[in-house]
Amino acid sequence: MKIVVTVKQVPDTNAEKAFDPATKRLNRSAIENVLNPFDEYAIEEALRIKEAAGADSTVTILTMAPQKGVDIVRKALGMGADNAAMLSDEAIGGSDTMATAYLISQALKHIGFDLILTGTQSTDAINSIVPAAVAEHLGIPALTYAKKVTIADGRVEIQRETDAGYQRVSAPLPALISVTKSINEPRYPTLKGIMGAKKKEIKALSLADIGADAARFGDAGSKTWVESFTPVSARGKGTVIQAQDPVEGAKQILEFLIAKKVV
Amino acid sequence: MAAVAQAPQSLNFELPEDLKLLKSTIREFVEKELWPAAAQVEDSDEIPAAILDKMSEMGLFGLPFAEEYGGAGMGELGYCVALEELGRASAAFSNLLGAHCSIGAMALHLDGSKELKDRFMPQLCAGDKLACFALSEPNAGSDAANIQTAARRDGDLFVLNGVKHYITSGDIADFASVFAVTDRSLGARGGITAFWVDLNAPGITRGPNDKKMGLSGSHTCELIFQDAQVPADRVIGKIGAGFLTAMKTLDMGRLSLGAGCVGTSQLMLEKAIAHAKDRVQFGKPIARQQAVQFMLADMATEIYAARNMVYNGAWKADRAERFTIEAAMVKRYCSDMAIRVVDRALQIHGGMGFMKETGIERVYRDARILAIYEGTNEIQRMIIAEELLK
Numbered sequence: 000m001k002i003v004v005t006v007k008q009v010p011d012t013n014a015e016k017a018f019d020p021a022t023k024r025l026n027r028s029a030i031e032n033v034l035n036p037f038d039e040y041a042i043e044e045a046l047r048i049k050e051a052a053g054a055d056s057t058v059t060i061l062t063m064a065p066q067k068g069v070d071i072v073r074k075a076l077g078m079g080a081d082n083a084a085m086l087s088d089e090a091i092g093g094s095d096t097m098a099t100a101y102l103i104s105q106a107l108k109h110i111g112f113d114l115i116l117t118g119t120q121s122t123d124a125i126n127s128i129v130p131a132a133v134a135e136h137l138g139i140p141a142l143t144y145a146k147k148v149t150i151a152d153g154r155v156e157i158q159r160e161t162d163a164g165y166q167r168v169s170a171p172l173p174a175l176i177s178v179t180k181s182i183n184e185p186r187y188p189t190l191k192g193i194m195g196a197k198k199k200e201i202k203a204l205s206l207a208d209i210g211a212d213a214a215r216f217g218d219a220g221s222k223t224w225v226e227s228f229t230p231v232s233a234r235g236k237g238t239v240i241q242a243q244d245p246v247e248g249a250k251q252i253l254e255f256l257i258a259k260k261v262v
Numbered sequence: 000m001a002a003v004a005q006a007p008q009s010l011n012f013e014l015p016e017d018l019k020l021l022k023s024t025i026r027e028f029v030e031k032e033l034w035p036a037a038a039q040v041e042d043s044d045e046i047p048a049a050i051l052d053k054m055s056e057m058g059l060f061g062l063p064f065a066e067e068y069g070g071a072g073m074g075e076l077g078y079c080v081a082l083e084e085l086g087r088a089s090a091a092f093s094n095l096l097g098a099h100c101s102i103g104a105m106a107l108h109l110d111g112s113k114e115l116k117d118r119f120m121p122q123l124c125a126g127d128k129l130a131c132f133a134l135s136e137p138n139a140g141s142d143a144a145n146i147q148t149a150a151r152r153d154g155d156l157f158v159l160n161g162v163k164h165y166i167t168s169g170d171i172a173d174f175a176s177v178f179a180v181t182d183r184s185l186g187a188r189g190g191i192t193a194f195w196v197d198l199n200a201p202g203i204t205r206g207p208n209d210k211k212m213g214l215s216g217s218h219t220c221e222l223i224f225q226d227a228q229v230p231a232d233r234v235i236g237k238i239g240a241g242f243l244t245a246m247k248t249l250d251m252g253r254l255s256l257g258a259g260c261v262g263t264s265q266l267m268l269e270k271a272i273a274h275a276k277d278r279v280q281f282g283k284p285i286a287r288q289q290a291v292q293f294m295l296a297d298m299a300t301e302i303y304a305a306r307n308m309v310y311n312g313a314w315k316a317d318r319a320e321r322f323t324i325e326a327a328m329v330k331r332y333c334s335d336m337a338i339r340v341v342d343r344a345l346q347i348h349g350g351m352g353f354m355k356e357t358g359i360e361r362v363y364r365d366a367r368i369l370a371i372y373e374g375t376n377e378i379q380r381m382i383i384a385e386e387l388l389k
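For the protein sequence lines, the chains are A and B, in the order given.
So the first sequence is numbered by numbering that gives the first Met the number 0: it starts at 0 and just counts up by one.
So the second sequence is numbered by numbering that gives the first Met the number 0: it starts at 0 and just counts up by one.
Below you can see the structure in the form of structure tokens.
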């Protein structure tokens, strides 16, 4: 079984972020980029499926990122993925969610797959659109928000996480599954994995390789664009209550909370 | 400042790709697993079993050893990168790894026969079995050549009698590199032999854990040998060459010990900077007081010097150049530096630094041993002087 995990490079959650006023895009070069934390769960699940399925299964990492993104690919390979493919081209810049889904689906058609695993979202955009849109482009079932995955007899069944509990959803392979954070605990790359990662193949894909239609990606191929952006206004200074007597202080806090209708 | 011109040749201080990934992996492991466990380790005086399992799974117990024995094969540079990051966690973790990798199993790795290594290194690298290093005795600390533990030949066996003390991980280790006198008339060079000893064999008892100033979660104790039988094929290296094995092993541990000092100091600097920016006295953050600024400047400068020493030493070690003087200089300077840096970090935190909550008082207590173990800093100066004057 050929399992492909799509991963994304995102700005470190703790980093201070800035938008470039000219391009209206996030300035990614000034901040440290990391593997999207949601994708680590998809990689872990892929490795577990592979380990259960046996020797003829492989895990391939697919990403669309500038060359610097190779760091996140190496991390995924260090965790135990077999090989990777990386689609890099400056012309991709400016692609919106749908253009991204188009390019990823083209790349997936090019490299082939039996099962696709993704995170539910990326920590930078948080759209949660790409997994379903990729499946739609490929004409395969999308099983989203999985908190448990079972594969048997050419079919996949998931427990689809909902606010109230879970739904059981099943579909024939090939299929795409997006996994939630409750599905597993991602492993750390092992030291042997880290040393082995440099020997694993990272295939460079071009837009020509995947037969991408120039009208469907980049600024020109995107149907949405950023009109303007405004910084979130800084939170005002809180009210500080100072009292010598703690009972008096507690009383004042309580009065404040009652006035705000919190209690 | 723009570069003057494109240099035709330049030194490259950038880590290779795989070691960058090693660094970020250990950083993440320390931040997510080890740092949050610091208070628990301190209070319970134990490393939680779940964390030990994760350390084994990652392959940390095989860090510096060759791939053919199940190690990660990362060389001294990789080992220093890892130990620098681990320096940001409780000292218990780097002590456990240090006793095992840097000295305990290292003696076997450096001088053990292929048969011994084939048999024992894989389980040591996997973390299934733990090693310690038994050289020190009550009357043989800095004067290591004065050990009294005796090994008497008896057919295919050696029979060991004596007491080793302050043995890190002595309470939990499965095996020890033990140094004992085989021929008192020959002195240290020729009369001491190294043995690979199964600590669960008859004739060996472990003393109670010592009560220490710091290093909670890392235990030291006595190992008592009373007619303990060790098969003759468990001799590490040649009979009579044990003291050399001990000295070579300690050389290896000194660079990585320095790397740990750098990591600990870097963390202390970061905490001191954050606190200095945040703490307001006299109507402004204390970071705006020159007295505090100068402390931060000195801390950063010394860390910079120390880090470059460590990595230059590791570079020499990996090129198989002799690095005895560098190792001694690194151990001496980095440990003294760490003690100064944590002292200033505590001073910048003021009364808060003296309280348990910030975790700085723990680092302060844990740092003091750095100038003492694996060769006191006075012994390091003797080694440096000996190298200079020979």
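Backbone N, C-alpha and C fix where the C-beta goes; we use that ideal spot for every residue, glycine too.
- Boundaries of the alpha helix (DSSP H) around B/SER43: 37-43.
- B/CYS131 and A/GLU44 have their C-alpha atoms spaced approximately 38 angstroms apart.
- Under the three-state reduction of DSSP, B/ASN311 is assigned to helix.
- Within the same chain, ALA37, ALA38 come within 8 angstroms of B/GLY358 by CB-CB distance, once the 5 residues on both sides are set aside.
- Interface annotation, B/PHE64: not in contact with chain A, CB-CB separation never under 8 angstroms.
- Judged by DSSP in its simplified three-state form, B/ILE382 adopts helix.
- Excluding its 5 nearest sequence neighbours in each direction, B/GLN122 has C-beta neighbours in its own chain below 7 angstroms: LYS128, listed in chain order.
- Inclusion of B/GLY86 and B/VAL309 in the CB contact set at 8 angstroms is not warranted, their separation being larger than that value.
- Rounded to the nearest angstrom, the gap between the Cα atoms of A/LYS7 and A/ALA64 is 7 angstroms.
- When A/ASP123, A/ALA196, A/LEU114 are compared, the shortest CA-CA separation from A/VAL178 is found for A/LEU114.
- Annotation for B/ILE382: ALA327 place their beta carbon closer than 6 angstroms to its own, counting only its chain and skipping 5 residues before and after.
- DSSP links A/MET85 through a beta bridge to A/THR62, A/ALA203.
- The alpha helix (DSSP H) runs lying completely inside the segment 0-41 of chain A and spanning 4 residues or more number zero.
- Cβ contact annotation for A/THR12 (same chain, cutoff 7 angstroms, sequence separation greater than five): THR122, in chain order.
- Under the Cβ criterion of 8 angstroms, B/ALA130 is not counted among the residues facing chain A.
- Excluding the 5 residues flanking it on each side, B/VAL362 has same chain C-beta neighbours closer than 6 angstroms at VAL341, in chain order.
- In the three-state scheme derived from DSSP, where H, G and I count as helix and E and B as strand, B/LEU134 is classed as coil.
- Burial check for B/MET354: the Cβ neighbour count within 10 Å stays below 16, so the residue is exposed.
- For the C-beta of B/GLY72, the chain A residues within less than 7 angstroms are, from N- to C-terminus, MET194.
- The beta carbons of B/GLY161 and B/CYS220 sit no closer together than 8 angstroms.
- Per DSSP, reduced to three states, the secondary structure at A/TYR187 is coil, with no helix or strand assignment.
- In chain A, no part has a C-beta under 9 angstroms from the C-beta of B/LEU96; the shortest such distance is about 12 angstroms.
- When only Cα atoms are considered, B/LEU156 and B/ALA179 end up about 14 angstroms apart.
- The residues PHE112, ASP113, LEU114, ILE139, in chain order, have a CB closer than 7 angstroms to that of A/PRO173 in the same chain once the five nearest residues on each side in sequence are set aside.
- Contact between the segment 180-199 of chain B and the segment 266-285 of chain B is absent: fewer than three C-beta pairs spanning the two stretches fall below 8 angstroms.
- Restricting attention to A/ILE193, A/GLN251, A/SER28, A/ILE128, the CA atom closest to the CA of A/ARG73 is found in A/ILE193.
- Distance check between B/THR192 and each of B/TYR78, B/PHE242, B/ARG151 places B/PHE242 closest, using alpha-carbon atoms only.
- Bridge pairing for B/SER176: B/PHE132, B/TRP195 [DSSP].
- A buried status is given to B/ARG306, since no fewer than 16 other beta-carbon atoms sit within 10 Å of its beta-carbon.
- For B/HIS218, same chain residues with a beta-carbon under 8 angstroms away, outside a window of 5 residues either side, are ASP44, THR167, SER168, GLY169, ASP170, ILE171, ASN208, ASP209 in chain order.
- Along the segment 261-294 of chain B, there is no position whose C-beta sits under 8 angstroms from a C-beta of chain A.
- Among the residues facing chain B, A/TYR40 is not included, as its CB has no counterpart in that chain under 8 angstroms away.
- For B/LEU95, same chain residues with a beta-carbon under 7 angstroms away, outside a window of 5 residues either side, are ILE46, SER168, SER217 in chain order.
- B/LEU345 and B/GLU360 have their alpha carbons spaced roughly 7 angstroms apart.
- When DSSP states are grouped into helix, strand and coil, B/ILE171 belongs to the coil group.
- For A/TYR40, the CB contacts under 8 angstroms within the same chain, skipping 5 residues up- and downstream, are GLY118, VAL178, THR179, LYS180, ILE182, ASN183, PRO185 in chain order.
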